[in-house]
Amino acid sequence: MNTNEMDAVELQRQRRKRINRIKSAIVFIITFWIIASLLAIVILSVQVALLNKRVKNLEQAVSSGITIDSPSPGNTGTTEKDNSEKTTENNDRFANLVTGIDTEDNMASETDAHEVYLTFDCVPGDVTNQILDILKLYNVKATFFVTGDESEEAQAIYKRIVAEGHTLGMHSYSNQYSDIYGSVEDFAKDYTKISDYLYKVTGLRCKYYRFPGGSGNQISNVNMAEFAGYLKEQNITYFDWNVAAADTASDYTSEQVVTSVIEGIEQYKTSVVLLHDDESKSTTALALGTLIEQLQAKGATILPIDDNTKSIQYIHADSID
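Going by this note's numbering, 301 is the number at position 301 of the sequence shown; the sequence numbering is gapless.
Shown next, in the form of structure tokens:
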């Protein structure tokens with residue numbers, strides 16, 4: 001084999017080595033991207049599962065009553081020592097905390113009279129006026145836990161609620177969980193805003209509050225007892241509910257609203273009924289007349305919340321030190 005042939009063979013060998021290196025690099029890159037993609041899919045799947053769980057918890061808290069455990073206190077931006085001290089303080093403060101909607105003294109027997117409080121988580125609008133018209137027709141008073149809205153229409157509704165003898169309560173200003181439940185300071189800011197705003201519009205300082213999602217919701221990263229304790233310090237009474245009207249689904253019927261409430265109130269001496277009146281709840285307004293008639297036919301007394309109303313609370317305020 002002459003020199004030229006040997007050079008040609010060597011060049012061919014070098015070319016094959018380069019090709020093999022390129023192939024190896026391509027295989028490595030493809031393998032890396034496959035592994036990275038699979039890892040990303042796993043991480044995203046976990047995140048989606050956690051998000052779905054939180055959404056499901058919220059839906060259950062809003063639509064099915066409050067039968068869930070309180071979340072653990074959440075702390076951010078603190079040292080390990082601060083967290084330990086804060087946890088100890090909370091454990092001491094909430095050592096005697098009592099939770100649960102169904103209390104023995106409120107369970108009804110067949111002979112007990114029923115007091116029913118129709119309460120609306122209120123986003124003021126046209127449906128609110130429809131509901132107020134029906135309540136006026138039947139001469140029935142209810143309770144409206146309202147959110148903040150500075151439009152002239154909403155201000156007129158706030159004033160109408162008060163003028164017609166209904167109870168005006170607070171349901172936060174923003175109704176945004178992330179804003180309200182970020183910390184006690186965030187909650188206090190939102191509470192002050194809705195309290196001062198309603199006082200400015202109506203001249204009435206509201207005394208009653210309903211937590212968005214209820215006091216037993218699992219959305220908050222801060223123990224809901226912290227917020228309940230804050231309201232207690234402000235001499236504000238908060239109300240959850242022990243009967244839900246099944247009006248949170250998109251395709252509910254007026255018959256479902258009536259049936260859910262009538263069956264629910266039979267369990268209790270005092271029933272606080274959760275209804276809604278945002279713009280998608282015209283069916284709730286449609287059901288209201290029939291609901292009132294059936295409640296009255298059962299001998300139930302329909303009342304607005306006042307200082308004599310039995311507190312229906314998942315987190316019992318009187319057990320917070």
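Ideal Cβ placement from N, Cα and C applies to all residues, glycine included.
Query, Result
"When Asp-240, Tyr-158, Ile-134, Asp-112 are compared against Asp-309, the one with the closest alpha-carbon", "Looking at the sequence shown, residue 309 is not Asp but Thr. With distances taken between Cα atoms, Thr-309 lies closest to Asp-240."
"Buried or exposed by the 16-neighbour rule on C-beta atoms within 10 Å, applied to Arg-210", "buried"
"Rounded Cβ spacing between Leu-168 and Leu-135 (contact assumed at less than 8 angstroms)", "With a Cβ gap of about 14 angstroms, Leu-168 and Leu-135 do not count as contacting."
"Spatial distance of Asn-20 from Asp-179 (CA atoms)", "58 angstroms"
"Three-state class that DSSP yields for Tyr-230 in the structure shown", "helix"
"Close-in-space but distant-in-sequence residues of the same chain around Ala-285 (CB under 6 angstroms, 5 per side omitted)", "Val-127, Gln-130, Ile-131"
"Rounded C-alpha distance that separates Asp-186 from Ser-282", "33 angstroms"
"Contiguous alpha helix (DSSP H) assignments of at least 4 residues, all confined to the region 184-235", "184-202, 224-233"
"Cβ pair count under 8 angstroms reaching 3, the region 310-320 against the region 153-161", "no"
"The region 268-281 touching the region 228-235, judged by at least three CB pairs closer than 8 angstroms", "no"
"Leu-97, DSSP secondary structure in three states", "coil"
"Supposed close pair Ile-312, Thr-270 - CB separation, criterion 8 angstroms", "7 angstroms"
"Continuous beta strand (DSSP E) stretch holding Asp-126: start and end", "Careful: Asp-126 lies outside any beta strand (DSSP E), inside the alpha helix (DSSP H) at 126-138."
"Residues of its chain near Ile-161, where Cβ-Cβ distance is below 6 angstroms and the 5 sequence neighbours each way are ignored", "Phe-144, Leu-168"
"Terminal residues of the beta strand (DSSP E) in which Thr-119 lies", "115-122"
"Three-pair Cβ contact test at 8 angstroms for the region 301-308 versus the region 103-121", "yes"
"Ala-108 vs Glu-293 beta-carbon contact at 9 angstroms", "no"
"When His-171, Val-261, Gly-203 are compared against Ile-236, the one with the closest alpha-carbon", "His-171"
"Ala-287 beta carbon less than 9 angstroms from that of Val-257", "yes"
"Inter-residue spacing [alpha-carbon to alpha-carbon] between Ala-188 and Met-224", "13 angstroms"
"Top-ranked residue by Cα proximity to Cys-206, from Val-98, Tyr-173, Glu-226", "Tyr-173"
"Contact check, Pro-212 vs Asn-175, beta carbons under 9 angstroms", "yes"
"Coil, strand or helix - Thr-283 by DSSP", "helix"
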